[in-house]
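Presented below is the structure to which this report refers.
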Amino acid sequence: MKLRPALFLDRDGVINPDVGYPHRLQDAVLFDDAIPALYRIQQAGYVLLIISNQSGVSRGMFRLDDVQRFNDAIAKQLRQGGIRITRKNFFICPHGPRDGCACRKPRPGLLLKAARQHKIALSASFTVGDALSDLEAGRRAGTRTILLNRTRKPQKKTGANYVASSLIDVADLLPVPHGTPSRMLEHHSE
Ligand SMILES: [Mg+2]
Ligand SMILES: [Zn+2]
Numbered sequence: 050m051k052l053r054p055a056l057f058l059d060r061d062g063v064i065n066p067d068v069g070y071p072h073r074l075q076d077a078v079l080f081d082d083a084i085p086a087l088y089r090i091q092q093a094g095y096v097l098l099i100i101s102n103q104s105g106v107s108r109g110m111f112r113l114d115d116v117q118r119f120n121d122a123i124a125k126q127l128r129q130g131g132i133r134i135t136r137k138n139f140f141i142c143p144h145g146p147r148d149g150c151a152c153r154k155p156r157p158g159l160l161l162k163a164a165r166q167h168k169i170a171l172s173a174s175f176t177v178g179d180a181l182s183d184l185e186a187g188r189r190a191g192t193r194t195i196l197l198n199r200t201r202k203p204q205k206k207t208g209a210n211y212v213a214s215s216l217i218d219v220a221d222l223l224p225v226p227h228g229t230p231s232r233m234l235e236h237h238s239e
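For the sequence shown, this note's numbering assigns the number 50 to the initial residue and increments by one for each residue that follows.
Below is the structure:
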């Protein structure tokens, strides 16, 4: 079977605002650019995989069930925008910094697991995140990396391959694996 490229996405601060350990359903709100950008990126041939540290579970702030409910609410809104996505596209590390797991970013374990399950070509894939730990995990998994700097404030050196100020920027800079250039694939919301 042919391996496919993926876009590995951090969740909080990338798809939904990071309100500080978001887990309440009222905070499962998409950034305005999420649907149009992710629609184009999926149409261009990328598998969308959301990779999220949720140490609030280990810290006893909420339960894994709450994370799954939150993810389901995000997925439902994306589906309403025409994006094909289910719970299987979401990968969660519930551990804390001292649990010594292999899946908490900046470790690459969760990206590698997602890549195995979805038959992903890592060297053709990209990781987008708003934190150094996202970029480090993406680099260690063998993907190219994109810092999402929504505030446009100057950033410390991150070593990212690219910097974007929105998910639309991300859609614009991704190479198209086959077929139509990504920027030609405009999202139609009817
Ligand atoms: Mg984040
Ligand atoms: Zn973990």
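Think of the CB as a built atom: it goes at the ideal place given N, C-alpha and C, for glycine as much as any other residue. These numbers come from a predicted model, not from an experiment.
Residue i Cβ short of 7 Å to ligand 1 heavy atom set
{"i": "GLY69", "result": "no"}
{"i": "ALA186", "result": "no"}
{"i": "VAL63", "result": "yes"}
{"i": "ALA180", "result": "yes"}
{"i": "LEU218", "result": "The sequence given here places Asp at residue 218; Leu does not occur at that position. No."}
{"i": "ASP82", "result": "no"}
{"i": "ASP221", "result": "no"}
{"i": "ASP76", "result": "no"}
{"i": "ASP59", "result": "yes"}
Cβ-based burial, residue i [other Cβ within 10 Å; buried from 16]
{"i": "SER238", "result": "Bear in mind that the predicted position of SER238 carries a pLDDT of just 44, short of 50, making it unreliable; the figure below should be weighed with that in mind. By the 10 Å Cβ count, SER238 comes out exposed."}
{"i": "LYS154", "result": "buried"}
{"i": "THR176", "result": "buried"}
{"i": "THR192", "result": "buried"}
{"i": "THR200", "result": "exposed"}
{"i": "SER101", "result": "buried"}
{"i": "ALA151", "result": "exposed"}
{"i": "PRO146", "result": "exposed"}
8 Å Cβ cutoff met for residue i and residue j
{"i": "GLN204", "j": "LEU196", "result": "yes"}
{"i": "ASP221", "j": "ASP59", "result": "no"}
{"i": "ARG53", "j": "LYS202", "result": "no"}
Proximity test, Cβ basis, 8 Å: residue i and chain B
{"i": "TYR70", "result": "The structure shown has no chain B; it contains just one protein chain."}
Near ligand 2: residue i beta-carbon under 7 Å from a heavy atom
{"i": "HIS167", "result": "no"}
Start-to-end residues for the alpha helix (DSSP H) that takes in residue i
{"i": "TYR243", "result": "Outside the shown range of the chain, which is 50 to 239, sits residue 243, and nothing can be said about it."}
{"i": "ASN120", "result": "113 to 129"}
Extent of the continuous beta strand (DSSP E) run through residue i
{"i": "VAL96", "result": "96 to 102"}
Pocket of ligand 2 (residues with CB nearer than 6 Å to any heavy atom), chain order: Chain order is used for the residues whose beta-carbon lies nearer than 6 Å to a heavy atom of ligand 2, namely CYS142, HIS144, CYS150, CYS152 and ARG153.
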